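Protein chains in written order, with this note's numbering: chain A, 17 to 302; chain B, 8 to 163; chain C, 17 to 396. Backbone N, C-alpha and C fix where the C-beta goes; we use that ideal spot for every residue, glycine too. None of the values given here were measured: they were computed from a predicted structure. These notes are about the structure you will find just below.
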Amino acid sequence: MATVTTEPTAVLRGSMTPLPYRVVRKRRENHDNWTLELEPVADAIDPIAPGQFTMLYAFGVGEVPISTSGDLETAGTTLVHTIRAVGAVTKALCAAGAGDVLGVRGPFGNTWPIEAAHGRDLVLVGGGVGLPPLRPAIYHALAHRAHFGKIVVLYGGRTPEDLLFRKELARWRSRLDTAVEVSVDSAGPDWSGNVGVVTKLIPGAPFDPDDAVAFVVGPEIMMRFTAHALIDRGLPPERIWISMERTMRCGVGLCGHCQLGPTLICRDGPVYRWDELEPLLGVPEL
Amino acid sequence: MSLRTLDAVIVESPVFKDLPHDQLELIAGCAQNAVFDPGDRLFREGDQSDTFFLIRHGIVALDTYVPNRGQLTIDTVGPGEIVGWSWLVPPYRWHFTGRAVEQVRAVQFDGACLRGKCDDDTALGYALLTRFAQMLVDRLQATRIQLMDVYGDRHD
Amino acid sequence: MPSKGTSEPAVLAAEDFDALLDALRDEGYRVVGPTVRDGAIVYAELGSASALPAGWTDEQAPASYRLARRNDEALFGYAVGPHSWKQELLPPRVKLWQASRNGTLAVEEEPIASEPTAFVGVRPCELAAIAIQDTVFLGGRFQDRDYAARRSDVFIVAVDCGDPSSLCFCTSVAGGPGARDGFDLALTELLDGGHRFLVRAGSPSGEALLAKLPVTPTTATDVEASCEVVARAARDMDGRFDSTDVHDVLLRNLEADRWDEVAARCLGCGNCTLVCPTCFCTHVEDASALDGSTAERTRVWDTCFSLQYAEMHGGNTRPTTRARYRQWLTHKLATWEDQFGSLGCVGCGRCIAWCPVGIDIREEVRAIRAEEEQHELAHA
Numbered sequence: 017m018a019t020v021t022t023e024p025t026a027v028l029r030g031s032m033t034p035l036p037y038r039v040v041r042k043r044r045e046n047h048d049n050w051t052l053e054l055e056p057v058a059d060a061i062d063p064i065a066p067g068q069f070t071m072l073y074a075f076g077v078g079e080v081p082i083s084t085s086g087d088l089e090t091a092g093t094t095l096v097h098t099i100r101a102v103g104a105v106t107k108a109l110c111a112a113g114a115g116d117v118l119g120v121r122g123p124f125g126n127t128w129p130i131e132a133a134h135g136r137d138l139v140l141v142g143g144g145v146g147l148p149p150l151r152p153a154i155y156h157a158l159a160h161r162a163h164f165g166k167i168v169v170l171y172g173g174r175t176p177e178d179l180l181f182r183k184e185l186a187r188w189r190s191r192l193d194t195a196v197e198v199s200v201d202s203a204g205p206d207w208s209g210n211v212g213v214v215t216k217l218i219p220g221a222p223f224d225p226d227d228a229v230a231f232v233v234g235p236e237i238m239m240r241f242t243a244h245a246l247i248d249r250g251l252p253p254e255r256i257w258i259s260m261e262r263t264m265r266c267g268v269g270l271c272g273h274c275q276l277g278p279t280l281i282c283r284d285g286p287v288y289r290w291d292e293l294e295p296l297l298g299v300p301e302l
Numbered sequence: 008m009s010l011r012t013l014d015a016v017i018v019e020s021p022v023f024k025d026l027p028h029d030q031l032e033l034i035a036g037c038a039q040n041a042v043f044d045p046g047d048r049l050f051r052e053g054d055q056s057d058t059f060f061l062i063r064h065g066i067v068a069l070d071t072y073v074p075n076r077g078q079l080t081i082d083t084v085g086p087g088e089i090v091g092w093s094w095l096v097p098p099y100r101w102h103f104t105g106r107a108v109e110q111v112r113a114v115q116f117d118g119a120c121l122r123g124k125c126d127d128d129t130a131l132g133y134a135l136l137t138r139f140a141q142m143l144v145d146r147l148q149a150t151r152i153q154l155m156d157v158y159g160d161r162h163d
Numbered sequence: 017m018p019s020k021g022t023s024e025p026a027v028l029a030a031e032d033f034d035a036l037l038d039a040l041r042d043e044g045y046r047v048v049g050p051t052v053r054d055g056a057i058v059y060a061e062l063g064s065a066s067a068l069p070a071g072w073t074d075e076q077a078p079a080s081y082r083l084a085r086r087n088d089e090a091l092f093g094y095a096v097g098p099h100s101w102k103q104e105l106l107p108p109r110v111k112l113w114q115a116s117r118n119g120t121l122a123v124e125e126e127p128i129a130s131e132p133t134a135f136v137g138v139r140p141c142e143l144a145a146i147a148i149q150d151t152v153f154l155g156g157r158f159q160d161r162d163y164a165a166r167r168s169d170v171f172i173v174a175v176d177c178g179d180p181s182s183l184c185f186c187t188s189v190a191g192g193p194g195a196r197d198g199f200d201l202a203l204t205e206l207l208d209g210g211h212r213f214l215v216r217a218g219s220p221s222g223e224a225l226l227a228k229l230p231v232t233p234t235t236a237t238d239v240e241a242s243c244e245v246v247a248r249a250a251r252d253m254d255g256r257f258d259s260t261d262v263h264d265v266l267l268r269n270l271e272a273d274r275w276d277e278v279a280a281r282c283l284g285c286g287n288c289t290l291v292c293p294t295c296f297c298t299h300v301e302d303a304s305a306l307d308g309s310t311a312e313r314t315r316v317w318d319t320c321f322s323l324q325y326a327e328m329h330g331g332n333t334r335p336t337t338r339a340r341y342r343q344w345l346t347h348k349l350a351t352w353e354d355q356f357g358s359l360g361c362v363g364c365g366r367c368i369a370w371c372p373v374g375i376d377i378r379e380e381v382r383a384i385r386a387e388e389e390q391h392e393l394a395h396a
């Protein structure tokens, strides 16, 4: 057959067309992070799973990929995104108020392999803005507590004022069946918790490296050091999963920007197994 | 909570583990128990450093004062960890202030006494130095990561 | 031997070429094909066969493209010019949608502005390039709506290659120089014993069109001659590029010194990506009207050589020319295979001709192989 007779995709809407979502709730998390809760104005996107992201559109400004960070057990069609205001688009998104309408495309990407941790200890290590993409996995694990052994949440931030979701961290810890440890790079006199890199929390964390799975998210260099610390503790590289970030423009594998060597992060990721990605991360400027 | 001899506690610490019995005895000979209330200063930045501590219980914050930022905690040390290495190297001065964040129970070592014993028993000296060196390497690596300020704002 | 197609091949006299173009127009196709313009053979809408580059050929070398007169009136006696068919299937600027906000976000997708188009003069390397882009845009979980619509309305008239340029190396990577599949009609131009074309159909649409043309039956001489055209072209390209294990060789040598060497020459201009028939990277421009009431999104061609290409909020993951050149070459000849199942290069040589400093990817790969061998010898 010479000419391709593929019909245009069965969906009526092109994959680059956003759906309108209204901001129903907005909460400031720290000095430059906000959580937005969005509800569909009409059609909703397909259900999103822990680890996935959407492309959020600020009218006339642009789009950015943002991981889902909500409680997907109870969210329904509401989307929850925690966004750091660092550039033009994220600043515009964070400036949106309740009632404003944003654009959403998605869900895109793959998901945290939560089933791989069934019957095992689950260790979740977040650094800085790495905690929001882990939160749906934490909610899921806590809602299905019996499926897991120990659950350990380790979180590192710059200063106590930068920490996200402090109330929730305390709530999770107060459950008594969940270990939560937090460390900051530096602190003032009011802080009575740990100070130092988040990797310091790993040697003493209550999990069995022979029977645990780890999910790690944060700046790339933090994920690297954390993976090394987990491996030093005895966790095999095949049981460490990370979430990668790269420039994204389309989110659907058609624009080429998110390539990292042989992989397209929007299509094959953003969740990757550490041993598969490590050789790529070891090549500077790949 | 059972009462344990200093020997038993010391031998469990990674820094002293697997040392020969006679060296452990020498070290224990320079040790005594210490207790600090929350807020107590174990040592002060700039003071003569002749002691170091093996934390048994509680957390010690390492503080310094930074103009315009105030008192800053740059590290915390917890149970099983050693605080203090300035006693090993001249000019034997503390580089930070150590503050008990909560009640701290520690084994306090007389560094001057131990330095003397190391001068006499060079094998002991070498053993202690190599173990402290490992601890310092780990601390240095962790500090370097902290220095990278990875959670910071955009770097241009 | 060029592939037979689905029905018996036939012969079309060169002077009857307009019959082919007219028949295409009668079917409702807009006809796009090669023509001479601004000192190059480019693709544009053809009014008639007289617009074809009769008697012209191209002389290509690294950083050099010149037209020259032939001593015959061959209609397709050249290799390839700076244009490729991606300008039809993946136009440089496509408005995707516009939006307005008045309490909500109302997004209106732009109707796809494509008409049925006949591509005339598609080289076998270009058939391969179109197939490669089909995989990218139609073969994944998400299809490109615009590409799919344009692609479904295309009639392809391929022309076998009789005059590869010195830069061509399709036989090492993409098959060719004879069209095998992916076309509606394929032509082989014959000059000796009468200027004519061997025409074969490759699809039901092609057969239907062939039936309308003033063709005559083929003779054994015609068939033999057309086989020889293709065979000779293939022989000319023998040994031009060693593609053995190119994927693994490149990925084993990501830190080779050669990358520094080529980076010192590369201007980062992106010409190679512009002329490459498989390069597909795009980015989206989001803009709003001055009064902020409407916004629109446009998809535009992008190049991995641009400094903004790998910009992220935390900085830039490929700030050096070295990294960006390496990205382009390793994508084209190595990681494309991991991503899409085939090499991304079709051996057309355009990137070599149109690079202002004449970087030759065949030479770059050869040098990387040589550097690896030397390294191994030194450490044996």
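Item                                                                                                                                                                                           : Value
Q76(C) to A369(C), Cα distance in whole Å?                                                                                                                                                     : 6 Å
Which residue from A95(C), P127(C) and T232(C) puts its Cα closest to that of L28(C)?                                                                                                          : T232(C)
Can you list, in chain order, the residues of its chain whose CB lies under 7 Å from that of D70(B), leaving out five sequence neighbours each side?                                           : Q78, L79, T80, F103, T104 and R106
With DSSP run on the structure shown, which of helix, strand or coil describes I167(A)?                                                                                                        : strand
So, H345(C) versus E353(C), is the Cβ gap smaller than 8 Å?                                                                                                                                    : In the sequence as displayed, the identity of residue 345(C) is Leu instead of His. Against a cut-off of 8 Å, the Cβ pair of E353(C) and L345(C) comes out as no contact.
Are there 16 or more other CB atoms within 10 angstroms of the CB of T279(A), so buried, or fewer, so exposed?                                                                                 : buried
To be precise: take each residue of the segment 97 to 118 of chain C, compare its Cβ to all Cβ atoms of chain A, and keep it if any distance is under 8 Å. Which residues remain?              : L112, W113, A115 and R117
Would the beta-carbon of G55(C) fall within 8 Å of that of L83(C)?                                                                                                                             : yes
Counting only the same chain and skipping the five closest in sequence on each side, list residues whose C-beta sits under 7 Å from that of G173(A).                                           : G144, L179 and V200
What three-state label does DSSP hand G63(C) in the structure shown?                                                                                                                           : coil
So that I know if they touch, is there some Cβ in chain C lying closer than 8 Å to that of S259(A)?                                                                                            : no
Kindly list, in the order they appear in chain C, the residues whose Cβ is closer than 8 Å to that of H273(A).                                                                                 : C297, H299, D318, Y325 and A326
Our contact map puts H299(C) next to R265(A) with C-beta atoms below 8 Å; I'd like the distance itself, whole angstroms only.                                                                  : 5 Å
On the criterion of 16 or more Cβ atoms from any shown chain inside 10 Å, does G92(A) qualify as buried, or is it exposed?                                                                     : exposed
Which chain A residues sit within Cβ distance under 7 Å of G77(B)?                                                                                                                             : G204
Buried or exposed for A74(A), please, with buried defined as at least 16 other CB atoms from any protein chain shown within 10 angstroms of its CB.                                            : buried
Return yes when the Cβ of R274(C) is within less than 8 Å of the Cβ of I384(C), no when it is not.                                                                                             : yes
Could you pull the start and end residues of the beta strand (DSSP E) that Q78(B) belongs to?                                                                                                  : G77 to V84
Quick check on the burial criterion: 16 or more other C-beta atoms within 10 angstroms. Buried or exposed for K24(B)?                                                                          : exposed
So what does DSSP say about V102(A), is it helix, strand or coil?                                                                                                                              : coil
Using only CA atoms, which one of V18(B), V16(B), V22(B) and D14(B) lies nearest to A140(B)?                                                                                                   : V22(B)
Nearest-angstrom Cα distance between T260(C) and S182(C)?                                                                                                                                      : 20 Å
How about the segment 249 to 263 of chain A and the segment 164 to 171 of chain A: do they share at least three Cβ pairs that are nearer than 8 Å?                                             : no
With DSSP as the reference, label P36(A) as helix, strand or coil.                                                                                                                             : strand
Report the residues of the segment 256 to 273 of chain C with a CB closer than 8 Å to any CB of chain A, ordered along the chain.                                                              : L267, L270 and E271
Got a sec? Which residues, its chain only, sit under 8 Å from W72(C) by beta carbon, not counting five neighbours each side?                                                                   : V52, I57, L83, A84, R85, R86, G93 and Y94
Below 8 Å, can you find three or more Cβ-Cβ pairs linking the segment 207 to 216 of chain A to the segment 144 to 161 of chain B?                                                              : yes
Once DSSP output is grouped into helix, strand and coil, what is the label at A56(C)?                                                                                                          : strand
By how many angstroms is the C-alpha of H47(A) removed from the C-alpha of K102(C)?                                                                                                            : 47 Å
Along chain A, in chain order, which residues have C-beta atoms closer than 7 Å to that of G308(C)?                                                                                            : G76
Counting contacts by CB-CB distance shorter than 8 Å, is F158(C) in contact with chain A?                                                                                                      : yes
Quick check on A18(A) - is its C-beta less than 8 Å from some C-beta in chain C?                                                                                                               : Low local confidence applies: a pLDDT of 36 at A18(A) is under 50, so the model's placement there is unreliable, with the coordinate-based value given in what follows. It does: the Cβ of A18(A) has a partner Cβ on chain C nearer than 8 Å.
For S202(A), count neighbouring C-beta atoms within 10 Å of its own C-beta (all shown protein chains included) and say buried if the count is 16 or more, exposed if not.                      : buried
Starting from the C-beta of T21(A), find all residues in its chain whose C-beta is less than 8 Å away, skip the five residues before and the five after it, and write them out in chain order. : Confidence at T21(A) is low in this model, with a pLDDT of 37, below 50, so its placement is unreliable and the value that follows should be read with caution. Hits under 8 Å: none found.
Just by C-beta distance, which residues in the segment 165 to 197 of chain A are closer than 7 Å to chain B?                                                                                   : G173, R174 and D178
Give the residues of chain A in contact with V246(C), contact being defined as C-beta atoms less than 7 Å apart.                                                                               : The premise fails here: V246(C) is roughly 19 Å from chain A at the closest Cβ pair, so nothing lies under 7 Å.
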